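Trainee:
2 protein chains.
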Amino acid sequence: MAATTDWQQLIADKRSDREFKIHKEWRLPASLLSTISQNSNISVLDVPRKSGILTERELELTEVYDATELVKMMLQSEVTSYELTLAFCKRAAIAQQLVNCLSEIFFDDALNRARECDEFLKLNGKGMGPLHGLPISLKDSFNVKGVHTTIGYVSFLSHPPAAHNSALVEILFQQGAVLYCKTNLPQTMMSADSDNNVFGRTLNPNKLSLTAGGSTGGEAALLKMRGSVLGVATDIAGSIRIPALCNGIIGFKPTAGRIPFAGKTPPGRLGSPSSIVPVIGPEGHSIRDMELFMKTVIDSEPWNFDEGAIAVPWRTIAPIARRLKFAIIEKDPKFPLHPPIQRAMHHAMDALAKAGHHMTVLDDMMIYDSAVLAWKFFLLDPKKTPVGFINASGEPWVPSIETCTFPELADWKPTLDDLFDMNVQRRRIMKRYHDLMVRFEFDAILMPAYQATAVPHDTYGVPIYTVLANLLDYPAACLPFSKANKDQDKNSVMDDVTYVPPYVADAVEGMPCAIQLMGKPMKDEELLQIMEVVQKVLET
Amino acid sequence: MAATTDWQQLIADKRSDREFKIHKEWRLPASLLSTISQNSNISVLDVPRKSGILTERELELTEVYDATELVKMMLQSEVTSYELTLAFCKRAAIAQQLVNCLSEIFFDDALNRARECDEFLKLNGKGMGPLHGLPISLKDSFNVKGVHTTIGYVSFLSHPPAAHNSALVEILFQQGAVLYCKTNLPQTMMSADSDNNVFGRTLNPNKLSLTAGGSTGGEAALLKMRGSVLGVATDIAGSIRIPALCNGIIGFKPTAGRIPFAGKTPPGRLGSPSSIVPVIGPEGHSIRDMELFMKTVIDSEPWNFDEGAIAVPWRTIAPIARRLKFAIIEKDPKFPLHPPIQRAMHHAMDALAKAGHHMTVLDDMMIYDSAVLAWKFFLLDPKKTPVGFINASGEPWVPSIETCTFPELADWKPTLDDLFDMNVQRRRIMKRYHDLMVRFEFDAILMPAYQATAVPHDTYGVPIYTVLANLLDYPAACLPFSKANKDQDKNSVMDDVTYVPPYVADAVEGMPCAIQLMGKPMKDEELLQIMEVVQKVLET
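Encoded structure:
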């Protein structure tokens with residue numbers, strides 16, 4: 001009991017600290033806040049516009065432009081970094097009150113930094129770098145000097161503030177970025193519900209009763225609220241793409257090693273021999289912003305900041321004008337597509353075919369088996385380090401954790417022998433995909449990012465459609481496309497399948513759908529151009 | 001006993017097959033062959049010239065040019081591939097009789113292939129590729145369709161000939177190469193003596209009583225005999241560089257994944273979770289030939305042949321004109337440098353400093369600890385698969401195997417927990433090297449490749465000076481420089497150290513010495529240019 005009281009007091013203090021960092025003038029009225037709960041099925045996307053907290057100009061700055069445009073505007077002195085940062089701090093504060101998307105808030109540091117950027121531009125007649133003056137938000141697991149990193153573990157509340165920046169944070173600062181907040185994530189970072197005892201649960205701004213996804217869910221919810229224009233996420237099983245799908249933004253997971261991973265706070269044990277490694281990538285509003293992030297970081301030679309980053313330059317390639325060859329993975333029979341997603345997939349396939357691109361449906365692509373294998377790689381630690389991090393404080397497990405595993409692994413105890421066999425099995429799957437990609441000269445694979453839209457809290461389950469790209473180490477992106485519409489979707493309902501999780505048309509009405517594109521390893525540059533082609537086709 | 005008789009008969013048959021593949025006219029006289037033994041301290045380097053088996057023209061073709069020049073000569077019709085291949089077949093046959101460097105011989109296939117190359121050139125007015133008509137030799141572990149791959153295991157004699165080419169072999173053929181023989185290696189490939197029960201022991205052509213090194217020892221001995229102009233080797237602890245040092249040729253170990261490894265016959269278990277992976281690289285006579293190999297293979301997009309090859313283009317960079325910054329690792333105190341190597345190192349350091357390059361000596365660089373850690377990665381397989389391959393035939397262990405391990409690992413039984421800790425330890429070493437390379441902007445590390453020249457058979461021991469580059473995954477090369485000279489070396493003899501293995505001046509008199517250069521990961525291109533700079537300085 002003592003331990004319980006302790007942890008509850010600790011989180012109460014932490015949350016009160018966080019609340020204190022939101023200026024009084026930026027607080028929403030109690031009458032509005034009383035309508036906010038994880039059971040409410042309202043959208044809060046229009047609240048910032050209606051709140052009266054942002055000026056017309058601030059609404060325009062946060063809603064109309066992408067990051068690429070905003071940097072250009074700053075360099076042309078059409079807007080200052082201070083003005084822009086203030087607008088995003090305000091809007092992030094509003095988002096926080098509505099969907100609980102922030103973990104750490106450091107608006108004051110950001111505003112000081114923004115002033116520095118403005119001074120720099122004035123003095124030097126040029127910006128600090130390709131991210132000059134740009135407010136960027138990031139997942140809580142990144143270390144920012146002087147800011148806490150708890151990643152939602154109560155036991156990490158006793159850690160001192162970060163003494164060093166993560167390698168990537170160092171690079172972002174060097175290239176001119178303004179960091180103003182970190183965002184919420186799931187306990188252990190291994191669930192698709194961004195819920196933990198320290199910060200609580202992030203809600204989906206499109207519909208509060210649905211999950212914001214995870215593990216980079218706070219980030220995606222903040223982006224959807226336009227409380228950020230560019231966010232930094234991580235992905236080992238879908239953690240960039242799942243929240244992108246759930247909220248309706250773009251998420252890009254690069255090939256492993258291209259963005260430096262060093263100096264983050266890990267949710268588990270260091271030194272894992274897993275063949276699947278976590279990667280960092282951007283979430284945001286435009287494909288060219290994804291490229292802005294990738295190119296800027298890689299042009300900074302991240303291999304000089306991180307011994308694990310791969311020293312390969314960014315290749316700027318021309319837009320693609322030719323017809324593309326797409327492999328299609330429609331579904332895994334164990335996880336049939338919910339009608340809105342099925343409709344989005346078919347619509348995308350039809351539109352691309354009509355635009356002259358080649359579409360080839362692949363069968364038996366081992367989606368489910370790949371996911372089970374991937375999960376084994378995630379469960380290798382005999383010491384079960386995350387369990388120790390939880391138990392150290394006495395905090396309980398959050399509900400979604402138990403939904404994120406496979407029944408066949410319940411009693412599995414990994415051994416070194418297993419690991420040899422797992423690597424052989426992984427290599428066989430890699431070879432199958434590789435040989436098809438080469439033989440048929442596919443440019444990319446089009447597939448769902450998940451069998452459904454965002455689903456009710458704690459029901460997401462295992463992300464079999466995203467973890468495949470992690471197992472293969474293929475770059476992969478989630479592109480928003482179409483919306484759930486029960487009238488149009490009813491023709492896609494299949495009576496002979498069991499939807500997991502259940503499909504309830506009314507519960508997800510209007511929710512964003514998405515498609516997923518997987519490119520070829522180290523061809524991140526090409527995948528971004530392919531995304532541009534696809535987006536253009538789908539927009540028309 | 002039955003098993004013993006069996007395996008002895010099997011190898012007798014195999015060796016007789018091999019002998020049969022050497023034309024009668026290419027056989028050396030019995031009187032000469034009677035002087036050949038592993039106890040003889042003679043050099044056989046001049047035998048091809050004296051044997052009368054090669055014409056003057058063939059001597060010139062095999063002795064005077066490097067691979068780059070020979071391809072140019074073929075494209076200009078100054079020599080045919082047939083003429084060149086015949087010359088190298090003859091000379092390889094002579095080498096085989098003297099130092100036992102070949103495992104598989106397929107001269108007839110090679111001569112047919114050479115005729116095809118000549119026809120192609122005549123018909124098309126251009127070559128097949130950058131390796132047009134060039135005879136290339138390779139280590140036995142590569143699979144060449146229709147040729148056996150035993151890698152020296154008696155139990156593998158029952159395997160059928162290879163049904164498929166290794167990924168690299170496929171590329172070499174596509175680019176115009178002529179393959180004519182495979183070369184000898186150690187039992188299990190984990191020793192520095194290229195000795196196994198199937199093919200016997202390869203001797204060092206500079207001095208038969210000394211080791212040819214391993215594991216790519218047959219290749220390096222063949223190259224030193226100029227029975228090959230360009231050879232393909234592999235390296236997980238020094239197997240490219242050790243034989244390069246022992247014989248006095250150039251060996252280049254690239255960053256892992258740049259040359260495709262798929263489709264080779266492994267000496268152990270597939271699926272190892274080791275963080276150290278084997279790599280393929282060239283051995284030969286000129287630095288530009290190393291680049292010819294690297295560029296040709298990588299320009300062929302090896303990632304389309306092997307799901308494990310990294311999709312990163314070759315960068316052709318300009319020769320380096322500026323002053324370079326070298327970090328120096330002089331020695332590990334446990335393995336003091338033999339006088340000839342100490343002299344070579346100091347001579348190289350002095351010459352480079354005199355030429356204006358910056359030299360910084362690094363201390364406590366964890367050479368020995370890194371090697372012990374690396375060995376743990378090599379010993380991860382709980383099934384001890386190589387032991388099974390040996391026991392399957394009843395063949396005995398060759399003597400050198402027991403010298404190639406660390407006493408502290410005698411009773412070590414690896415666990416998954418160990419592997420996590422090993423990865424953390426490896427990362428710590430990587431970070432130390434990385435941070436020094438970045439902070440001081442070093443271009444390369446200059447260090448010994450081994451504490452000695454080639455040593456008497458079965459005394460080489462553990463290769464602590466080469467395995468470091470494998471642990472770090474830094475590209476590394478061995479450049480021949482200086483020769484043992486007891487008069488000059490006597491000033492370098494230290495009375496207060498124990499040389500391991502012992503230093504016997506007379507036994508190694510005249511033997512080639514070498515230096516090792518380690519570059520930065522994925523900067524293989526830069527390392528080749530740095531080698532050019534160093535070679536130019538050392539030649540003057």
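Sequence lines, in order, name chains A and B.
Those letters in the first sequence? Residues 1 to 540, per full-length UniProt numbering, in order.
Those letters in the second sequence? Residues 1 to 540, per full-length UniProt numbering, in order.
Backbone N, C-alpha and C define an ideal beta-carbon position, used for all residues, glycine too.
Since the model is a prediction, treat every value here as computed from it, not as a measurement.
Check whether chain B comes within 8 Å of A110(A), counting only Cβ atoms and requiring the distance to be less than that.
Mentor: Chain B contact via Cβ: absent.
Trainee: According to DSSP, V361(B) sits in a beta bridge with which residue or residues?
Mentor: Bridge partners of V361(B): I328(B).
Trainee: Please state whether DSSP places P135(B) in a helix, a strand or coil.
Mentor: Strand.
Trainee: Beta carbons nearer than 8 Å to chain B: which residues of the region 431-446 of chain A have them?
Mentor: Taking 8 Å as the Cβ-Cβ cut-off against chain B, the residues of the region 431-446 of chain A that qualify are K431, Y433, H434, D435 and V438.
Trainee: At the 8 Å Cβ level, is E307(A) part of the contact set with chain B, yes or no?
Mentor: Yes, E307(A) counts as interfacial toward chain B.
Trainee: Quick test of the definition: if touching needs 3 or more C-beta pairs under 8 Å, does the region 322-341 of chain A touch the region 428-442 of chain A?
Mentor: Result yes; three or more Cβ-Cβ pairs closer than 8 Å.
Trainee: Does the region 474-483 of chain B come within contact of the region 378-389 of chain B, defined as at least 3 CB pairs closer than 8 Å?
Mentor: Output reads no: the region 378-389 of chain B does not touch the region 474-483 of chain B.
Trainee: Figure out for me which residue from A233(B), V99(B), L54(B) and E56(B) has the closest Cα to the Cα of S37(B).
Mentor: Measuring from the Cα of S37(B), the nearest candidate turns out to be V99(B).
Trainee: Quick check: what's the CA-CA separation for S300(A) versus M290(A)?
Mentor: About 16 Å.
Trainee: Please go through the same chain and pick out, in chain order, the residues whose beta-carbon is closer than 7 Å to the beta-carbon of Q174(A), but skip the five residues on each side of it.
Mentor: The residues are G129 and S300.
Trainee: The region 508-532 of chain A: which residues have C-beta closer than 9 Å to a C-beta of chain B, in chain order?
Mentor: For the region 508-532 of chain A, which is checked against every Cβ of chain B, the residues closer than 9 Å are K520, P521, M522 and K523.
Trainee: Cα separation between L337(A) and A309(B)?
Mentor: Answer to the nearest angstrom: the Cα atoms are 34 Å apart.
Trainee: Just verifying my parser: in three-state terms, what is the DSSP assignment at K21(B)?
Mentor: Three-state result, K21(B): coil.
Trainee: Which of helix, strand or coil does DSSP assign to L472(B)?
Mentor: Of the three classes helix, strand and coil, the one that applies to L472(B) here is helix, per DSSP.
Trainee: Is the separation between the beta-carbon of G231(A) and that of P282(A) shorter than 8 Å?
Mentor: Taking 8 Å as the Cβ cut-off, G231(A) and P282(A) qualify as a contacting pair.
Trainee: What does DSSP give as the partner residue(s) for E283(B) in the beta ladder?
Mentor: Partner(s): G231(B) and G251(B).
Trainee: What span of residues does the alpha helix (DSSP H) with I390(A) cover, start to end?
Mentor: From DSSP, the alpha helix (DSSP H) with I390(A) extends over T385 to N391.
Trainee: With H, G and I counted as helix, E and B as strand and the rest as coil, what does DSSP make of Q451(B)?
Mentor: Coil.
Trainee: Does any residue of chain B bring its CB to less than 8 Å from the CB of P475(A)?
Mentor: So, not an interface residue.
Trainee: When you compare the CB positions of L245(A) and G218(A), do they come within less than 8 Å of one another, or not?
Mentor: It is not a contact, given that the beta carbons lie outside the stated cut-off.
Trainee: To the nearest angstrom, report how far apart L123(B) and F293(A) are at their CA atoms.
Mentor: Spanning the two alpha carbons is a distance of roughly 51 Å.
Trainee: Could you pull out every residue in the same chain whose Cβ sits closer than 8 Å to the Cβ of P521(A), ignoring the five residues on either side in sequence?
Mentor: Once the five neighbours on either side are set aside, the close Cβ partners of P521(A) are T255, L472, D473, Y474 and P475.
Trainee: Tell me the residue span of the alpha helix (DSSP H) that contains I530(B).
Mentor: Note, I530(B): alpha helix (DSSP H), D524 to E539.
Trainee: Can you list the residues of chain A that T415(B) reaches, using a CB-CB cut of under 9 Å?
Mentor: P382, T415 and L416, listed in chain order.
Trainee: Quick one: list the residues of chain B neighbouring D421(A), beta-carbon separation under 7 Å, in chain order.
Mentor: Those are G271, listed as they occur along chain B.
Trainee: Taking the straight line between their C-alpha atoms, what separation do you get for L210(A) and P512(A)?
Mentor: Looking at the two C-alpha atoms, the distance is approximately 12 Å.
Trainee: Hey, is V424(A)'s beta-carbon within less than 8 Å of any beta-carbon in chain B?
Mentor: By this cut-off, V424(A) is an interface position.
Trainee: What are the uninterrupted segments assigned as alpha helix (DSSP H) that are 4 or more residues long and contained completely in the region 17-99 of chain B, given in chain order?
Mentor: Entirely contained in the region 17-99 of chain B, the alpha helix (DSSP H) runs reaching 4 residues are, in chain order, 30-33, 47-51, 56-63, 67-75 and 81-99.
Trainee: Since Y433(A) and I242(A) are thought to touch, with beta carbons under 8 Å apart, how far apart are those beta carbons, to the nearest angstrom?
Mentor: Not a contact, Cβ separation roughly 21 Å.
Trainee: Below 6 Å CB to CB, which residues in the same chain sit around N41(B) once its five sequence neighbours on both sides are set aside?
Mentor: K207 and S209.
Trainee: Can you check whether the C-beta of N165(A) is within less than 8 Å of a C-beta belonging to chain B?
Mentor: So no, N165(A) is outside the interface.
Trainee: Check whether chain A comes within 8 Å of A311(B), counting only Cβ atoms and requiring the distance to be less than that.
Mentor: Chain A, which has a Cβ nearer than 8 Å to the Cβ of A311(B), makes this yes.
Trainee: Within a Cβ cutoff of 6 Å, which residues of the same chain sit near residue 543(B), ignoring the five residues on either side of it in sequence?
Mentor: Here chain B comprises residues numbered 1 to 540, so residue 543(B) is not present and cannot be evaluated.
Trainee: Judging by CA-CA distance, which residue of E119(A), A514(A) and P456(A) is the nearest neighbour of Y503(A)?
Mentor: Selected option, being the one with the closest Cα: P456(A).
Trainee: Whose C-alpha, out of H285(B), K50(B), I317(B) and G214(B), is nearest the C-alpha of C404(B)?
Mentor: The residue with the shortest Cα to Cα distance from C404(B) is G214(B).
Trainee: Quick check: the region 338-346 of chain A against the region 134-153 of chain A, are there 3 or more CB pairs under 8 Å?
Mentor: No: fewer than three Cβ pairs fall under 8 Å.
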